[in-house]
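K.L.:
Sending over a structure as structure tokens; questions will come in a sec.
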Amino acid sequence: MNYLIKQASILGGEPADVLIADGKIAQLGTIADAGDAQVIDATDLVLLPGLVDTHTHLREPGREDAETVETGSQAAARGGYTAVHAMANSTPVADTAGVVEQVYELGRKAGWVDVRPVGAVTVGLAGKQLSEIGAMADSRAAVKMFSDDGICVFDPLLMRRALEYVKAFDGVIAQHAQEPRLTEGAQMNEGEVSSILGMPGWPAVAEESIIARDVLLAEHVGARLHICHVSTAGSVEIIRWAKARGIQVTAEVTPHHLLLTDEKVRTYDPVFKVNPPLRREEDVMALRAGVADGTIDVIGTDHAPHPSEAKDCEWGAAAMGMTGLETALSIVQHTLVDTGLMGWADVARITSEVPAQIGRVADQGRPIAVGEPANLTLVDPAARWIVDPAAMATKGRNSPFAGMELPGLVRATFFHGHATVLNGQLATPRSINA
Amino acid sequence: MKHLLSTADLTRDEAIAILDIAEEMRESGTRQIKKLPALRGRTVVNLFFEDSTRTRISFEAAAKRLSADVINFSAKGSSVSKGESLKDTAQTLLAIGADAVVIRHPDSGAPARLAATDWIGLPIVNAGDGTHEHPTQALLDAFTLRRQVALREGTSPAGRGLDGLKVAIVGDILHSRVARSNLWLLNTLGAEVTMVAPPTLLPVGAGSWPCTISYDLDEVIAKGVDALMMLRVQGERMNAAYFPNPREYSRYWGLDDARLAELDALGAETLIMHPGPMNRGLEISSAAADSPRSTVLDQVTNGVAVRMASLYMLLSGDLI
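Chains as they are written, first to last, in UniProt numbering: chain A, 1 to 434; chain B, 1 to 320.
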């Protein structure tokens with residue numbers, strides 16, 4: 001099926017018609033003759049390159065009760081994504097070519113988005129021995145991003161070696177920056193609210209000290225470093241300093257850290273329990289400013305679905321994590337676009353172009369131009385909707401935005417020219433033989 | 001009052017109403033027949049996920065004196081050790097026919113969670129949650145203070161707050177649910193609070209609390225206080241580097257014989273309070289614990305009266 005998108009605002013700019021044919025952008029401008037293409041009226045809609053998530057937990061293999069590659073990638077498509085990086089903390093851990101190829105194949109068969117497996121830095125995420133990084137890089141999954149996400153690569157020597165070693169494969173280490181000793185038993189951000197709630201605190205310095213160490217290591221060995229889910233004002237300062245020095249560091253922020261604060265924890269509702277924790281209002285504002293000035297490069301959802309029993313309990317017993325794929329673009333619009341901090345071209349940069357570059361994802365995050373692969377997202381910025389976790393494609397019901405009214409609806413998603421979402425609803429997956 | 005979760009939820013009028021009812025309850029406890037019929041036919045469940053003989057039997061005595069039936073559930077040997085969730089345990093108790101739940105839990109916020117969810121819909125009394133709050137302890141402390149001041153003045157405690165009283169809370173503030181509950185209630189009742197502790201045992205963020213923070217117990221004593229609330233300090237805390245060893249802790253922050261003598265030398269009427277169980281020789285010396293200033297046993301007696309008042313107000317439905 002070919003599509004003619006009529007009068008879409010390209011990256012929020014001038015309206016134009018876009019003809020999608022044979023998986024590519026075939027024509028751009030004013031197109032009178034649609035031929036047999038399905039016409040989509042995109043008046044007042046914004047056309048973006050398909051979103052690329054640097055940080056997704058698809059839970060398969062191992063925790064198919066929480067999410068599968070199928071349901072997670074459906075959620076991604078609903079959220080306007082055409083590619084996701086699937087984190088390595090599955091069971092078994094994605095620390096061998098076999099596991100990353102399994103995840104890659106599951107993604108291909110599902111056909112909703114490009115599923116790019118992330119390889120574990122260390123065997124079993126245990127922080128002791130490097131995984132077979134080369135084998136994963138050379139596998140069919142062509143892994144470029146390596147992370148022990150959920151656990152910090154804490155041993156400084158191991159981190160140094162990992163940063164050095166991935167250079168041979170044009171890889172990047174995505175670090176979950178969390179000093180383990182300073183965060184033993186930690187339940188929430190350490191500060192005024194934790195002092196009142198009587199919860200073991202998670203100090204900002206536990207994140208910042210690891211980032212400071214790692215940017216210096218990256219500089220020393222000349223390697224690429226990516227910082228997952230930056231959550232504090234101090235982290236933004238350190239990364240800003242590192243970039244000014246020319247260190248090859250990129251940084252990611254989650255939608256929830258751009259909006260929610262630790263005030264939410266006063267409810268003791270574990271839907272707000274997440275790692276890194278929700279921080280203070282000052283941190284939220286510093287993160288937004290960091291995205292606006294380019295210190296923070298990308299939005300990563302850290303989509304972390306959990307079965308209901310993992311959240312329908314007391315705080316201490318609850319799992320950490322929130323779903324995010326189906327709300328990410330709305331939160332980005334709400335916190336960065338509607339606040340005047342950036343335009344839609346910037347949104348394309350932080351949600352698609354740079355994420356694809358960091359993960360070296362071919363055919364994603366490309367310009368909207370003739371001949372480019374048609375990985376595209378059509379969003380209605382004027383629409384408003386109320387978040388209902390039960391209506392989501394993800395199996396996870398743990399959305400911290402439940403009940404909130406948010407701006408921006410994904411009307412259509414095109415994955416290599418195939419409509420995975422049409423009229424705001426899941427359409428069909430792309431055939432594996434396409 | 002639907003639940004008793006945190007003293008921060010209590011208005012001054014509500015707090016005074018509880019204390020006033022507790023006065024009546026205490027008076028009834030001095031009669032030959034101590035039992036009141038107020039909660040006959042109601043069932044109170046003591047849901048204890050943490051060892052606490054003292055608080056549990058205090059609640060048990062309070063409920064029984066109001067003629068309620070009491071079911072004691074303790075985590076040890078129960079299905080909780082087999083991995084049953086709080087939700088399932090609570091719903092089981094509801095199915096058995098509980099009318100109110102008194103809960104002690106190692107997780108901060110577990111009682112609030114029980115109250116906020118649709119799991120059971122019963123009145124909840126927080127009997128101590130993690131390092132968060134222990135509201136009935138703060139109420140019994142306030143009750144004891146108010147009563148002692150009234151006794152000294154030869155007036156009635158009824159209807160009054162703790163206006164102008166200076167109270168120092170000394171010890172492991174970081175891990176203390178008693179300290180947090182007292183902070184809010186003492187403020188609500190008009191007292192001035194000073195928290196005294198080594199910096200390691202004060203939470204980051206305590207600077208925002210409505211109290212004075214001090215690292216110097218001698219200075220606080222010299223300035224004059226109406227009550228010293230000594231908190232239990234676990235000697236094992238030294239293993240996490242909170243202080244070098246119990247002796248050094250005691251030297252700087254313990255109410256030892258020298259500081260007791262200093263109170264006497266100052267001619268102060270300072271009361272010595274402790275929620276128990278005491279670590280004699282660590283945060284409090286035996287001489288201090290057993291001195292005429294000590295209200296330790298008085299606090300235990302008053303605890304039953306305050307818990308009777310709390311259960312009565314939650315279960316009888318009519319407030320004040």
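Here a beta-carbon is modelled for each residue, glycine too, at the ideal position from N, C-alpha and C.
1. From the DSSP output, in three-state form, read off I96/B for me.
2. What are the partner residues of I173/A, as DSSP defines its beta bridges?
3. May I ask you to list the residues that DSSP assigns as paired with V220/B?
4. Please work out which residues of its chain come closer than 6 Å, Cβ to Cβ, to D69/B, disregarding the five sequence neighbours upstream and downstream, and give them in chain order.
5. Flag this pair as yes or no: are the beta carbons of H226/A and I358/A separated by less than 8 Å?
6. Taking 8 Å as the threshold (beta carbon to beta carbon), is A317/A in contact with chain B?
7. Once DSSP output is grouped into helix, strand and coil, what is the label at S6/B?
8. Going straight from the alpha carbon of Q364/A to that of I173/A, what length do you get?
9. Under a three-way DSSP split, which group does Y242/B fall into?
10. Are any of the Cβ atoms in chain A nearer than 8 Å to that of A112/B?
11. Is it right to say S286/B is buried, meaning 16 or more other beta carbons lie within 10 angstroms of its own, or is it exposed?
12. Counting only the same chain and skipping the five closest in sequence on each side, list residues whose C-beta sits under 7 Å from that of I320/B.
13. Among the residues of its own chain, which have a CB less than 7 Å from the CB of P255/A, if the five just before and after it don't count?
14. How would you call Q137/B, buried or exposed, if buried means at least 16 neighbouring beta carbons within 10 angstroms?
15. Which chain A residues are close to H132/B, counting only those with a beta carbon under 7 Å from its beta carbon?
16. So the candidates are D51/B, M273/B, W119/B; which of them puts its Cα closest to the Cα of A288/B?
17. Would you report the Cα separation of L228/B and V271/A, rounded to the nearest angstrom?
18. So, does the CB of L319/B fall closer than 8 Å to a CB anywhere in chain A?
19. Along chain B, in chain order, which residues have C-beta atoms closer than 7 Å to that of S9/A?
20. For chain A, find out if any of its Cβ atoms is closer than 8 Å to the Cβ of R293/B; answer yes or no.
21. Do P355/A and V121/A have their C-beta atoms closer together than 8 Å?
22. Sort out for me which residues DSSP pairs Q248/A with in a bridge.
23. With a cut-off of 8 Å, does the C-beta of G121/B fall near any C-beta of chain A?
24. Between Y104/A and chain B, is the shortest Cβ-Cβ distance under 8 Å, so that the two count as touching?
25. Residues in the same chain with beta-carbon distance under 7 Å from L315/B, minus the five sequence neighbours each way, listed in chain order, please.
26. Report buried or exposed for N423/A, applying the criterion of at least 16 other Cβ atoms within 10 angstroms of its Cβ.
27. Nearest by alpha-carbon distance to T394/A: which of I432/A, L426/A, A177/A, E184/A is it?
28. Quick one: residues in its chain with C-beta nearer than 7 Å to the C-beta of V166/A, no 5 flanking neighbours on either side, listed in chain order?
29. Could you spell out where the alpha helix (DSSP H) holding Q357/A opens and where it closes?
30. Do the CB positions of D298/B and T155/B come within less than 8 Å of each other?
31. Counting contacts by CB-CB distance shorter than 8 Å, is D312/A in contact with chain B?
32. Report the option in I221/B, E219/B, A191/B, L217/B whose CA atom is closest to the CA atom of C211/B.
33. Kindly list the residues whose CB is nearer than 7 Å to the CB of A268/B, restricted to its own chain and excluding five residues on each side of it in sequence; keep chain order.
34. What does the Cβ neighbour count give for D256/B, buried or exposed, with the cut at 16 atoms within 10 Å?
35. Where does H256/A fall in DSSP's three states?
36. Under 8 Å between beta-carbons, which chain A residues line up against H3/B? List them in chain order, please.
P.N.:
Let's see:
1. For this step, residue 96/B is matched to residue 96 along the second sequence. DSSP places I96/B in helix when its eight states are reduced to three.
2. Taking the first sequence and counting its residues from 1, the one referred to as residue 173/A is at position 173. In DSSP, I173/A forms a bridge with F146/A, L225/A.
3. Here residue 220/B refers to the residue found at position 220 of the second sequence. Looking at the DSSP assignment, V220/B forms no beta bridge with any residue, so it has no partner.
4. As a position in the second sequence, residue 69/B is number 69, starting the count at 1. For D69/B, where only same-chain residues beyond five positions count, the Cβ hits under 6 Å are T43.
5. As a first step, residue 226/A must be located in the first sequence, where it is residue number 226. As a first step, residue 358/A must be located in the first sequence, where it is residue number 358. A contact, by the Cβ cut-off of 8 Å.
6. What you label residue 317/A is simply residue 317 of the first sequence in a count that begins at 1. Output row for A317/A: interface = yes.
7. By one-based count along the second sequence, residue 6/B stands at place 6. Three-state DSSP puts S6/B in coil, outside helix and strand.
8. Within the first sequence, the letter at position 364 stands for residue 364/A. Within the first sequence, the letter at position 173 stands for residue 173/A. Across the structure, Q364/A and I173/A are spaced so that their CA atoms are roughly 20 Å apart.
9. The residue given as residue 242/B occupies position 242 in the second sequence. Y242/B falls in the coil class under three-state DSSP.
10. On the second sequence, residue 112/B is found 112 positions in, with the first residue counted as 1. True, the Cβ-Cβ gap to chain A drops below 8 Å.
11. For the purposes of this step, residue 286/B is taken as residue 286 along the second sequence, with counting starting at 1. Exposed: under 16 other Cβ atoms inside 10 Å.
12. Taking the second sequence and counting its residues from 1, one reaches residue 320/B at position 320. Here the model assigns I320/B a pLDDT of 38, short of 50, so the residue's position is not dependable, and the following value carries that caveat. Excluding residues within five positions, the ones whose Cβ falls inside 7 Å are A17.
13. As a position in the first sequence, residue 255/A is number 255, starting the count at 1. So the list reads I299, T301, G324, T327, A328, I331, V332, once near-sequence residues are dropped.
14. To locate residue 137/B, count along the second sequence from 1; it is residue 137. Label assigned to Q137/B: buried.
15. For the purposes of this step, residue 132/B is identified with residue 132 of the second sequence, where counting begins at 1. When 7 Å is used as the limit between beta carbons, H132/B is near these residues of chain A: L197, G198, in chain order.
16. As a first step, residue 288/B is located in the second sequence; it is residue number 288 there, counting from the start. The shortest Cα separation from A288/B among D51/B, M273/B, W119/B belongs to M273/B.
17. Here residue 228/B refers to the residue found at position 228 when the second sequence is read from its first residue. Here residue 271/A refers to the residue found at position 271 when the first sequence is read from its first residue. The alpha-carbon atoms of L228/B and V271/A are separated by roughly 40 Å.
18. Locating residue 319/B in the second sequence gives position 319, counting from the first residue. Caution is warranted here: a pLDDT of 44 is assigned to L319/B, below 50, making its placement in the model unreliable, and no coordinate value can be reported.
19. Position 9 of the first sequence holds residue 9/A. Under the 7 Å cutoff, chain B gives no residues; its nearest Cβ is about 44 Å from S9/A.
20. Position 293 of the second sequence, counting from 1, holds the residue named residue 293/B. Output row for R293/B: interface = no.
21. Residue 355/A sits at position 355 when you count from the first residue of the first sequence. Residue 121/A sits at position 121 when you count from the first residue of the first sequence. Between P355/A and V121/A, the C-beta spacing is not below 8 Å.
22. As a working note, residue 248/A is residue 248 in the first sequence. Bridge partners of Q248/A: none, in fact.
23. Here residue 121/B corresponds to residue number 121 of the second sequence, with the count starting at 1. For G121/B, not one C-beta of chain A is nearer than 8 Å to its own C-beta.
24. For the purposes of this step, residue 104/A is identified with residue 104 of the first sequence, where counting begins at 1. Y104/A does not count as touching chain B.
25. As a working note, residue 315/B is residue 315 in the second sequence. Closer than 7 Å at Cβ, skipping near neighbours: L39, R42, D99, A100, P123.
26. In the first sequence, counting from the first residue as 1, residue 423/A sits at position 423. By the neighbour-count rule (16 or more Cβ atoms within 10 Å), N423/A is not buried but exposed.
27. For the purposes of this step, residue 394/A is identified with residue 394 of the first sequence, where counting begins at 1. Closest option to T394/A, Cα to Cα, is L426/A.
28. Here residue 166/A refers to the residue found at position 166 when the first sequence is read from its first residue. Here V166/A has I133, F146, V172, I173, A223 as same chain residues with Cβ atoms under 7 Å from its own Cβ, once five neighbours each way along the sequence are excluded.
29. Position 357 of the first sequence holds residue 357/A. Per DSSP, the unbroken alpha helix (DSSP H) holding Q357/A starts and ends at 354–359.
30. Residue numbering aside, residue 298/B sits at position 298 when the second sequence is read from its first letter. Residue numbering aside, residue 155/B sits at position 155 when the second sequence is read from its first letter. Not closer than 8 Å, so no.
31. On the first sequence, residue 312/A is found 312 positions in, with the first residue counted as 1. By this cut-off, D312/A is an interface position.
32. Residue numbering aside, residue 211/B sits at position 211 when the second sequence is read from its first letter. Looking at the Cα atoms, A191/B is the closest of the given residues.
33. What you label residue 268/B is simply residue 268 of the second sequence in a count that begins at 1. Closer than 7 Å at Cβ, skipping near neighbours: G224.
34. By one-based count along the second sequence, residue 256/B stands at place 256. Result: buried.
35. Residue 256/A sits at position 256 when you count from the first residue of the first sequence. DSSP places H256/A in helix when its eight states are reduced to three.
36. Along the second sequence, one-based indexing puts residue 3/B at 3. Per Cβ cutoff of 8 Å: no residues; H3/B is ~13 Å from chain A at best.
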